[in-house]
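Data first, discussion second: the structure below is written as structure tokens.
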Amino acid sequence: MVKVTIDDIQIEVEEGTSILNAARQIGGEVVPPAMCYYSKLPGTGGKCRTCLVEVAAGSERDPRPMPKLVASCSTPVQDGMVVKNKTSEKVHDNRGAVVEFLLINHPLDCPVCDQAGECNLQDLGFEHGGAGTRYEEERRTFDPIDIGNKIKLHMNRCILCYRCVHVANQLTEKRVHGVLNRGEHAEISTYIENAIDNEFSGNMIDVCPVGALTDKTFRFKSRVWFLKPMDASCGCTKCSGKAVVWMFGNEIYRVTARKDQYGEVENQEDGKPAWICNECRFDKKELSHWMIEGPRKINRHSVISQGHYTSPRGNSQKKIANGN
Amino acid sequence: MARRILLEHDNVPGIETYDVYRKNGGYRSVEKALKKMTPQEVVDEVQKSGLRGRGGAGFPTGMKWSFLAKPDGVPRYLLCNADESEPGTFKDRYLMEKIPHLLIEGMIVSSFALGANLSFIYIRGEYMWVLEILEKAIAEAYANGFLGKNILGSGYDLDLRVAPGGGAYICGEETALIESLEGKRGNPRMKPPFPAVKGLWGCPTVVNNVESIAAVVPIINDGGDEYAKIGIGKSTGTKLISASGNLARPGVYEIELGLSVEEFIYGDDYCRGIANGKKLKACIPGGSSVPILPAHLVTKTAEGLDRLMSYESLAEGGFATGSMLGSGGFIVFDEDQCIVRNTWTFARFYAHESCGQCSPCREGTGWMEKVLNRLEHGQGNMRDIDLLAEINKKIEGNTICPLGDAAAWPVAAAIRHFREEFEWHVTNKEEAQTRNYGLLKASM
């Protein structure tokens, strides 16, 4: 076990833990945002640079500060390390700059984007973005393409977090999905516009932090904040069968995996992530397909966690804010 | 006359063949190392020599070698970084083209020192003809028992292969090079873990520049202490400088570190001054990614001391009034050149070569390129100049690999030293569209 101090809060974590995961163990405000790191997908992280933190002291043995900000998702903690996240002006500045970089080519089509309301970039833009843009050039644009018959890719919105590439690598057996070209022309695509034909490809939609990959069976049907999320299970043999169905009245509008406060898929009892298969996600849209377990508490920081299912005593919101 | 250690025999006819190279004292270091020395002794000699990485960063080679993890039963690899793609840098090409056996000899000794039994030369995709030269030389080395099983009866085995890249600048970054060699997209990896612990196929790996590896040959032949006597202070040995731009005699020169910049630009043994009797305007001493220096800071430091060709002297004054030795890509501008245009050209290069993996570099390099494009073509305004300075501050240090820094530094330095030229492009929009700033000023 090693001791690490993040924003003046000390915690003991296992050796090899990343700064970000140590911060998540503390929870609350000290957790840096993460757009590309996804704890359930090994190999992700380091790319978006929104989780940059300042290391004020490297370790007990070598207490020198690190000269640059480091990506907290991919930097392991050292014994005696002192990290500044919320308390660092430099972090605040540079995180703002990263958000600006992410937004210069991002279309401001939130009013018609299906991700609106549960979009990490929207949250970050709200917290760190400027009121206007300094970007006067033409925005980079791509045509939307289909990735398989159920997934739409809007490359314009993509921030190249590579999460979906890792889903394609790790959950689907034949790799036809990846990144083409380089620099600002880099784009997610499939090999010679091959369709992805795989039982688990739909999980790409769940891991996408923005509205780049959307569910074609749900596109433009409703805003997410009008829907009521319900925990539901279906006894599926291909996947965990545990999902969240998003309902309007008695109709199921969409099905997603169960996600935690960081927008990541929850683990099942056996410790494996509860990915769901495409059949559950795209085809089971009747109430008869599902056993409804009860209302889903959305405890991530987002508009969709507001206003739903407050208990009569009104304290569940407080609990949520504490991350419990 | 200039001291030549690496390029001693570069003009001997037929030096690219094994027979001529051997007759001129080639492969002596392999005989010495494999027969008389232990791997650790070779590493010690290199540490004593004070040799610093010749690829640009200037990190001590011996120290890099000593960081190599040596777990039991795990192979180790030595990779030679011949992905020389920095604008203005062409020294490795010259060395490999002229004396391919020198690199191979260095690879054998270095691989022996590190305990690698399979080593690679990762060569830039555009250097296809050099690849052929190297492969021919490697075949000769195999035929003469310097590569393969049981080299010189010492029991040491080494296979050496050449792998071409696909023509991406980013693959010169050591972890991107490793990714590319593994057959993947050349994206730099997150560090830690460093290649010395987890490199090629997850095994401990050392990546060295062509010139660093070649320099191991004279170090072993003459001893590390002898090598350390050449040069000045912590900048030991000789350095290949590829001089280009408006020079009377551009080309690849081997210089003893510590030579004065004045002598290098104007000396008869070297570049012989600025071409066509023009005046020096600016100089980029270490390849396109290092800060540009205006004429008054090229030959003298801000304190008025002579500027020397060494890691320390060129960096004197930090980024405010100094630069870096970098890879030795010495680019000289005469009074006719437009710094804005040149900065835009470099920015275009970095925007084109960014791998697109991390946000600040992907978006920032493209943004800078567009703003500079506008400025150069008379479409800019004053706040664009500050915006550029702001953008490059936010890229620098926030990226996965040093490409972001490399893209940011030249822009920052150009604005720092030549701000009036940027402002001229804003205030003289019409002229900026049709005329070159340098030529215009020179004619006035």
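Going down the list, the sequences are from chains E and D. For the first sequence, position 222 (counting from the first letter as 1) is numbered 222 according to my numbering, and the numbering increases by one without interruption. Take any residue in the second sequence, count from 1 to its spot, add 1000: that is its number in my numbering. C-beta atoms are modelled at their ideal positions from N, C-alpha and C, and glycine is treated no differently.
Practice problem: Could you tell me the boundaries of the beta strand (DSSP E) in which residue 1209/D lies? | Solution: Looking at the DSSP string, the run of the beta strand (DSSP E) that includes residue 1209/D is 1205-1209.
Exercise. State yes or no: is the C-beta of residue 1403/D within less than 8 Å of the C-beta of residue 1354/D?
Key: Taking 8 Å as the cut-off, the beta carbon of residue 1403/D is found closer than this to the beta carbon of residue 1354/D.
Exercise. Kindly examine the ligand GTP and report whether one of its heavy atoms sits closer than 7 Å to the Cβ of residue 21/E.
Key: You won't find the ligand GTP in this model; it holds no ligand whatsoever.
Quiz item: Which of helix, strand or coil does DSSP assign to residue 280/E?
Solution: DSSP places residue 280/E in the helix class (H, G or I) of the three-state scheme.
Quiz item: In or out: residue 1119/D buried (at least 16 other Cβ within 10 Å) or exposed?
Solution: It counts as buried.
Quiz item: Which chain E residues sit within Cβ distance under 8 Å of residue 1387/D?
Solution: Simply 134.
Self-check item: residue 1013/D, DSSP secondary structure in three states
Solution: DSSP places residue 1013/D in coil when its eight states are reduced to three.
Quiz item: Looking at the C-beta of residue 233/E, does it have a partner C-beta in chain D at a distance below 8 Å?
Solution: Residue 233/E does not count as touching chain D.
Self-check item: Rounded straight-line distance, which links the Cα of residue 1233/D to that of residue 1225/D
Solution: Taking the straight line joining both Cα atoms gives about 13 Å.
Quiz item: Contact check, residue 1152/D vs residue 1035/D under 8 Å by CB: the rounded distance?
Solution: Yes, they are in contact, since the Cβ atoms of residue 1152/D and residue 1035/D sit about 7 Å apart, within 8 Å.
Self-check item: residue 222/E and residue 200/E closer than 8 Å at C-beta
Solution: Their beta carbons are not under 8 Å apart, which means residue 222/E does not touch residue 200/E by this criterion.
Practice problem: May I ask you to report which of helix, strand or coil DSSP gives residue 1159/D? | Solution: Note: residue 1159/D maps to strand in three-state DSSP.
Practice problem: Measure from the alpha carbon of residue 109/E to the alpha carbon of each residue in 255/E, 141/E, 232/E, then state which is nearest. | Solution: Ranking the options by Cα distance to residue 109/E, first place goes to 141/E.
Practice problem: Note down, in chain order, all residues in the region 1379-1408 of chain D with a beta-carbon under 7 Å from any beta-carbon belonging to chain E. | Solution: Within the region 1379-1408 of chain D, the residues whose Cβ lies closer than 7 Å to some Cβ of chain E are 1387, 1394, 1397, 1398, 1400, listed in chain order.
Practice problem: Measuring only between beta-carbons, confirm whether residue 119/E sits less than 8 Å from chain D. | Solution: Output row for residue 119/E: interface = no.
Practice problem: Could you run through the region 1353-1365 of chain D and flag, in chain order, every residue whose CB is less than 9 Å away from some CB of chain E? | Solution: Of all residues in the region 1353-1365 of chain D, 1353, 1354, 1355, 1356, 1357, 1358, 1359, 1360, 1361, 1362, 1363, 1364, 1365 have a Cβ within less than 9 Å of some Cβ in chain E.
Quiz item: Considering residue 10/E, what are the terminal residues of the beta strand (DSSP E) in which it resides?
Solution: First-last of the beta strand (DSSP E) with residue 10/E: 9-13.
Practice problem: Within its chain, find whatever has a CB closer than 6 Å to the CB of residue 1417/D; leave out the 5 residues flanking it on each side and keep chain order. | Solution: Apart from sequence neighbours up to five positions away, the residues of its chain that approach residue 1417/D with a beta-carbon distance below 6 Å are 1294, ordered along the chain.
Practice problem: Measure the C-alpha to C-alpha separation of residue 207/E and residue 37/E and round it to an integer number of angstroms. | Solution: Taking the straight line from one Cα to the other gives about 10 Å.
Quiz item: Ordered along the chain, which non-local residues of its own chain (more than five positions away) have a Cβ less than 7 Å from that of residue 1043/D?
Solution: Excluding positions up to five away in sequence, the list reads 1062, 1065, 1066, 1113.
Exercise. Out of 197/E, 176/E, 183/E, point me to the one whose CA is closest to residue 189/E's CA.
Key: Distance check between residue 189/E and each of 197/E, 176/E, 183/E places 176/E closest, using alpha-carbon atoms only.
Quiz item: Does the beta carbon of residue 186/E sit closer than 8 Å to a beta carbon anywhere in chain D?
Solution: The beta carbon of residue 186/E sits closer than 8 Å to some beta carbon of chain D.
Quiz item: Between which two residues does the alpha helix (DSSP H) carrying residue 1413/D extend?
Solution: According to the DSSP assignment, residue 1413/D belongs to the alpha helix (DSSP H) that extends over 1403-1427.
Exercise. Write down every uninterrupted run of the alpha helix (DSSP H) in the region 81-161 of chain E whose length is 4 residues or greater and which is fully enclosed by it, in chain order.
Key: For secondary structure counted as the alpha helix (DSSP H) over 4 or more consecutive residues, the region 81-161 of chain E holds these complete runs in sequence order: 89-104, 120-128.
Practice problem: Could you name the residues of the region 82-98 of chain E whose beta carbon sits closer than 7 Å to any beta carbon of chain D, in the order they occur along the chain? | Solution: The region 82-98 of chain E vs chain D, Cβ under 7 Å: 94, 97, 98.
Quiz item: What residues from the region 137-148 of chain E come within 7 Å of chain D, judged by C-beta to C-beta, listed N to C?
Solution: If the cut-off is 7 Å between Cβ atoms, the region 137-148 of chain E has 137 near chain D.
Quiz item: How is residue 1008/D classed by DSSP in three states: helix, strand or coil?
Solution: In the structure shown, residue 1008/D falls within a coil segment according to DSSP collapsed to helix, strand and coil.
Self-check item: Secondary structure of residue 1102/D, DSSP reduced to three states
Solution: Correct three-state label for residue 1102/D: helix.
Practice problem: Answer yes if the region 1334-1350 of chain D comes into contact with the region 1278-1293 of chain D, meaning at least three C-beta pairs across the two stretches below 8 Å, and no otherwise. | Solution: Flag = yes, the region 1278-1293 of chain D and the region 1334-1350 of chain D touch.
Quiz item: In the DSSP assignment, what residue or residues form a beta bridge with residue 254/E?
Solution: Partner(s): 246/E.
Quiz item: If you compare alpha carbons, which of 1235/D, 1085/D, 1217/D is closest to residue 1164/D?
Solution: Of the listed residues, the one whose Cα sits closest to residue 1164/D is 1085/D.
Quiz item: Buried or exposed: which applies to residue 1409/D, given that a residue is buried once 16 or more other Cβ atoms fall within 10 Å of its Cβ?
Solution: Residue 1409/D should be labelled buried.
Exercise. Might you give, ordered along the chain, the residues of its own chain that have their beta carbon closer than 6 Å to the beta carbon of residue 300/E, omitting 5 neighbours on each side?
Key: The residues are 261, 263.
Quiz item: Excluding the five sequence neighbours on either side, which residues of its own chain have a C-beta within less than 6 Å of the C-beta of residue 1250/D, listed in chain order?
Solution: Cβ within range, chain order: 1243, 1244.
Self-check item: Contact between the region 97-113 of chain E and the region 18-30 of chain E (3+ Cβ pairs under 8 Å)
Solution: Output reads no: the region 18-30 of chain E does not touch the region 97-113 of chain E.
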